[in-house]
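A quick write-up on the structure given underneath.
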Amino acid sequence: MAISLHTVGITVKNLGKSLSFYRTLGLPIPEGQDNEHHVEFTSEEGYSIGFIPESTMLHANPNWQAPTGDNRISLQFACASPTEVDDTYNRLISAGYQSFKEPWDAFWGQRFAQVIDPDGNNVAFFAHL
Numbered sequence: 862m863a864i865s866l867h868t869v870g871i872t873v874k875n876l877g878k879s880l881s882f883y884r885t886l887g888l889p890i891p892e893g894q895d896n897e898h899h900v901e902f903t904s905e906e907g908y909s910i911g912f913i914p915e916s917t918m919l920h921a922n923p924n925w926q927a928p929t930g931d932n933r934i935s936l937q938f939a940c941a942s943p944t945e946v947d948d949t950y951n952r953l954i955s956a957g958y959q960s961f962k963e964p965w966d967a968f969w970g971q972r973f974a975q976v977i978d979p980d981g982n983n984v985a986f987f988a989h990l
């Protein structure tokens with residue numbers, strides 16, 4: 862049997878705040894799951910992101926400790942156009958999320974931007990120029 866990646870898990874401090882961020886980013890995560898022990902979102906492209914509250918992690922592993930510092934994980938999302946990168950960035954900043962780096966035309970040929978999610982993770986989004 863071949864092994865394949867199924868889900869990237871993110872341990873979150875506050876499930877509701879994290880889901881709100883990723884909904885604002887543009888992921889169509891259904892409403893009404895903010896009090897669950899685990900929320901898994903599967904995209905049309907087939908990738909899955911699991912959002913696991915710290916309290917759930919502690920139930921599964923009583924010795925678990927929250928990482929110190931930032932960047933529990935880094936995620937990158939593809940946008941359809943450079944304009945969509947700018948629009949996504951502006952939507953997140955307008956919603957009160959923290960910028961890491963404003964949209965810019967990177968030397969590697971992408972429009973690239975980065976915002977910090979509620980757990981301190983660097984979330985990037987890009988489009989090819």
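Count the sequence shown with our numbering and you get residues 862 to 990, in order. For every residue, glycine included, the Cβ atom is placed at its ideal position computed from N, Cα and C.
Spatial distance of residue i from residue j (CA atoms)
| i | j | result |
| --- | --- | --- |
| Asn-896 | Leu-876 | 7 Å |
| Ala-854 | Thr-903 | Here the chain covers residues 862 to 990 and nothing more, so residue 854 does not appear. |
| Glu-905 | Ile-890 | 12 Å |
| Asp-966 | Ser-935 | 20 Å |
| Gly-893 | Tyr-883 | 14 Å |
| Glu-819 | Leu-888 | Beyond the ends of the chain as shown, which are 862 and 990, falls residue 819; an answer cannot be given. |
| Thr-872 | Ile-913 | 5 Å |
| His-920 | His-867 | 23 Å |
Helix, strand or coil at residue i [DSSP, three-state]
| i | result |
| --- | --- |
| Gly-911 | strand |
| Asp-948 | helix |
| Thr-885 | helix |
| Ala-921 | helix |
| Lys-962 | strand |
| Leu-990 | coil |
| Leu-936 | strand |
Contacting residues, own chain, Cβ-Cβ under 8 Å from residue i (five flanking each side not counted)
| i | result |
| --- | --- |
| Val-869 | Tyr-908, Ser-909, Ile-910, Gly-911, Ile-934, Leu-936 |
Close Cβ partners of residue i (< 6 Å) along its chain, the five nearest in sequence each way excluded
| i | result |
| --- | --- |
| His-898 | Thr-917 |
| Tyr-950 | Pro-964, Ala-974 |
Nearest-angstrom beta carbon gap, residue j and residue i [assumed within contact, 8 Å]
| i | j | result |
| --- | --- | --- |
| Gln-975 | Asn-983 | 6 Å |
- Message: With three or more C-beta pairs closer than 8 Å as the rule, is the segment 949–956 touching the segment 908–926?
- Response: Segments in contact, no.
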